[in-house]
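Asker:
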Amino acid sequence: MEKKSQKHGNSVVKMRDVAALADVSIATVSRYLNGNLDRMSTETANRVADAIDKLNYVPNSAARQMVKKSSGLVAVIAGNIDDFFSTEMFKGINAMLESKGYVGVLFDSNSDLDREKRLMQIVSNQIFDGAILQPYNAVSVIQDTIKRPMPIVIADREIEQSPWPQIVTNNYEIARQATQYYKDKGFKRVIMITSSLTMAANRRDRYYGIQSVINNIDVLEVSEKSYNHKKVLQQLVTLINGSQEDTLIFALKERWLTEFIPRLFYKGLIDDKHVAVTGFSDTGTAQYIDPKTKLISQDPYLIGADSGEVMVNLLEGKKQEPEKIIVPAKFG
Numbered sequence: 001m002e003k004k005s006q007k008h009g010n011s012v013v014k015m016r017d018v019a020a021l022a023d024v025s026i027a028t029v030s031r032y033l034n035g036n037l038d039r040m041s042t043e044t045a046n047r048v049a050d051a052i053d054k055l056n057y058v059p060n061s062a063a064r065q066m067v068k069k070s071s072g073l074v075a076v077i078a079g080n081i082d083d084f085f086s087t088e089m090f091k092g093i094n095a096m097l098e099s100k101g102y103v104g105v106l107f108d109s110n111s112d113l114d115r116e117k118r119l120m121q122i123v124s125n126q127i128f129d130g131a132i133l134q135p136y137n138a139v140s141v142i143q144d145t146i147k148r149p150m151p152i153v154i155a156d157r158e159i160e161q162s163p164w165p166q167i168v169t170n171n172y173e174i175a176r177q178a179t180q181y182y183k184d185k186g187f188k189r190v191i192m193i194t195s196s197l198t199m200a201a202n203r204r205d206r207y208y209g210i211q212s213v214i215n216n217i218d219v220l221e222v223s224e225k226s227y228n229h230k231k232v233l234q235q236l237v238t239l240i241n242g243s244q245e246d247t248l249i250f251a252l253k254e255r256w257l258t259e260f261i262p263r264l265f266y267k268g269l270i271d272d273k274h275v276a277v278t279g280f281s282d283t284g285t286a287q288y289i290d291p292k293t294k295l296i297s298q299d300p301y302l303i304g305a306d307s308g309e310v311m312v313n314l315l316e317g318k319k320q321e322p323e324k325i326i327v328p329a330k331f332g
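Using the UniProt record's numbering, the letters of the sequence shown correspond one by one to residues 1 to 332.
As structure tokens, then:
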């Protein structure tokens, strides 16, 4: 007969009903539901499972969470979900978490330090088992804000003296490698398009990597919250026309590649001889701007999956040093 509802006679099925049908104690049913099968025989476990099936019993998850002090939820505070990187990273995180019985809950700090802090306060006050952060705030702020003890993993940010595991890209090295390639081709000047350099360590690492090869850099910072597209484009044109030196336009994120570079190609300002372009790319979209353009390819999904795996290890009590795990980007 098809089971349509969790009813036993005229009442809702309770744990004691399962215990009575399986001829075990309520404590035994509770242990079964919480996965403590090592404290009962296989025969007993099978009887409890059969009783649950026959009665169509659905355990009260909220009650189980209180007993286990676990919600199965992991907070993920992303830097900016307008960026493909953050959303793809979350997919990787959640895929790994769900494979182990956890669920990731996405929060968007929207590139705002104060908003990120408020979100961390919310996470600290709610029943989250852990938090994966793509932070802008410093270690001291995170520690002061997330006061409840919980596992923390840092994704896509390299923080000095971090007490938590970090999963990052080789930002400095790959930016240096790409710049060296163009220097060897005769380029002596860089126009760098970036969001605020002071807000994120990964951007600064990329800047330092470029600077270690070519010191002649014009930095054009673009606000992630609001900007005048026409004005930024005009600034780029002015910078390009302001020097006779062979110039490399270096975008520190894909968003700026796709926002501004197509118009520069359309205007005939990029010819790969006197003006070339490169940058960090998270999708294949940027490559369509000009198939000959060499870009730096990251793997945000893998960074997310590795972050999720480290979080699961922490939640399961496995030893995990506060190490730095590098997911290398590729240039070409």
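Backbone N, C-alpha and C define an ideal beta-carbon position, used for all residues, glycine too.
1. With DSSP as the reference, identify every bridge partner of Ser-281, one or two as the case may be.
2. Do you know offhand how far Gly-304's Cα is from Gln-244's?
3. Flag this pair as yes or no: are the beta carbons of Thr-258 and Val-277 separated by less than 8 Å?
4. Assuming Gln-166 is part of the beta strand (DSSP E), what are its boundary residues?
5. Residues in the same chain with beta-carbon distance under 7 Å from Ser-41, minus the five sequence neighbours each way, listed in chain order, please.
6. Rounded to the nearest angstrom, how far is the Cβ of Ile-296 from that of Ala-131, given a contact under 8 Å?
7. From Thr-247, Arg-16, Val-123, Lys-230, pick the residue whose C-alpha is nearest to that of Val-219; which is it?
8. Taking the alpha-carbon of Leu-236 as reference, which of Ala-251, Glu-224, Ser-226, Tyr-32 has the nearest alpha-carbon?
9. If you draw a straight line from the C-alpha of Thr-145 to the C-alpha of Val-153, how long is it?
10. So Leu-106 is in the beta strand (DSSP E); what residue range does that whole segment cover?
11. Which one of Ala-49, Asp-17, Gln-234, Ala-20 has the shortest CA to CA distance from Tyr-32?
12. Would the beta-carbon of Tyr-136 fall within 8 Å of that of Gly-92?
13. Is the segment 268 to 284 touching the segment 110 to 117 in the sense that three or more CB pairs, one from each, lie closer than 8 Å?
14. How far does the beta strand (DSSP E) with residue 350 in it extend, from its first residue to its last?
15. From Phe-90 to Glu-321, what does the alpha carbon distance come to, in whole angstroms?
16. Which same chain residues end up closer than 6 Å to Trp-256 when comparing Cβ atoms and leaving out the 5 residues on each side of it in sequence?
Answerer: By the coordinates alone:
1. DSSP links Ser-281 through a beta bridge to Ser-297.
2. Each residue's alpha carbon lies about 43 Å from the other.
3. In this structure, Val-277 does not lie closer than 8 Å to Thr-258 by Cβ.
4. Run containing Gln-166: 166 to 168, per the beta strand (DSSP E) assignment.
5. Taken in chain order, the list of residues that qualify is empty.
6. Taking C-beta atoms under 8 Å as the contact rule, Ile-296 and Ala-131 fail to qualify, at a distance of about 28 Å.
7. Nearest option by C-alpha distance: Thr-247.
8. Ranking the options by Cα distance to Leu-236, first place goes to Ala-251.
9. Those two C-alpha atoms are separated by around 15 Å.
10. Where Leu-106 is concerned, the enclosing beta strand (DSSP E) stretches over 103 to 108.
11. Taking Tyr-32 as reference, the option from Ala-49, Asp-17, Gln-234, Ala-20 with the minimal CA-CA separation is Ala-49.
12. For Tyr-136 and Gly-92, no; Cβs fall outside 8 Å.
13. Contact between the segment 110 to 117 and the segment 268 to 284 is not established, with fewer than three Cβ pairs separated by less than 8 Å.
14. Beyond the ends of the chain as shown, which are 1 and 332, falls residue 350; an answer cannot be given.
15. Roughly 23 Å between the two C-alpha positions.
16. Excluding residues within five positions, the ones whose Cβ falls inside 6 Å are Ile-193.
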